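K.L.:
Can you read through this structure? Questions will come right after.
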Amino acid sequence: MPNSLKNELIKKHTIANIGTFYCYDHFMISEINEGVIVDLKMTLEVTNTLTKKYYGRKKPFVYITNRVNSYSMDPTIHFETAKMLPNTLGYAIVTYDKTNTDVANLEKAFLKIPIQIFHSLDQAVQWAESIIPKD
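First residue of the sequence shown? That's 1 in full-length UniProt numbering, and the numbers climb one at a time after it.
This is how it looks when you write it as structure tokens:
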């Protein structure tokens with residue numbers, strides 16, 4: 001995690017066999033474990049355990065996936081999460097190589113919310129903060 005984020009962190013959660021999730025006021029950062037195959041069951045576990053707890057269905061937030069590990073997922077999961085979390089204002093994907101950037105570009109077809117691809121976590125956080133309405 002970048003040092004600039006440490007003071008704003010609400011809670012860090014590690015979910016066995018899935019990954020680590022950093023919950024902030026208006027965004028969540030995920031770091032999925034190496035080799036995981038993300039399926040709907042895992043996504044529902046994260047949604048029911050963390051996302052609903054911190055953001056509910058009304059508080060606007062951005063989901064940031066920090067792809068520091070290699071894993072796979074079924075992109076059609078986005079259709080389900082969009083229904084469960086209508087308050088998701090954006091989806092940021094942080095990639096560190098061409099393969100993951102190519103996969104992220106394909107993922108865009110499955111999302112109707114703003115989606116951006118970044119090569120640094122700091123840039124993704126800045127973008128997330130820019131699309132959250134100011135109080």
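Heads up, the beta-carbon is just placed ideally off N, CA and C, and yes, glycines get one too.
Quick caveat, the model's predicted, so the values are computed rather than measured.
Using only the alpha-carbon positions, how far apart do Glu129 and Gly35 sit?
P.N.:
The residue you call residue 129 lines up with position 129 of the sequence shown. The residue you call residue 35 lines up with position 35 of the sequence shown. Taking the CA atoms as reference points, Glu129 sits about 30 Å from Gly35.
K.L.:
Taking Cβ positions, are Val46 and Ile18 nearer each other than 9 Å?
P.N.:
By one-based count along the sequence shown, residue 46 stands at place 46. By one-based count along the sequence shown, residue 18 stands at place 18. Result yes, Cβ atoms of Val46 and Ile18 sit closer than 9 Å.
K.L.:
Output the boundary residues of the alpha helix (DSSP H) element that contains Ile131.
P.N.:
Within the sequence shown, the letter at position 131 stands for residue 131. Per DSSP, Ile131 belongs to the alpha helix (DSSP H) from 121–131.
K.L.:
With a CB to CB cut of under 6 Å and the five nearest residues on each side skipped, what residues in its chain are close to Met73?
P.N.:
Start at 1 with the first residue of the sequence shown, and residue 73 comes out as number 73. So the list reads Val38, once near-sequence residues are dropped.
K.L.:
Return the CA-CA distance between Ala104 and Pro60, expressed in angstroms with no decimal places.
P.N.:
One-based indexing of the sequence shown puts residue 104 at position 104. One-based indexing of the sequence shown puts residue 60 at position 60. Each residue's alpha carbon lies about 23 Å from the other.
K.L.:
Any idea what DSSP makes of Leu89, helix, strand or coil?
P.N.:
Reading the sequence shown from its first residue, position 89 is the one you call residue 89. Strand.
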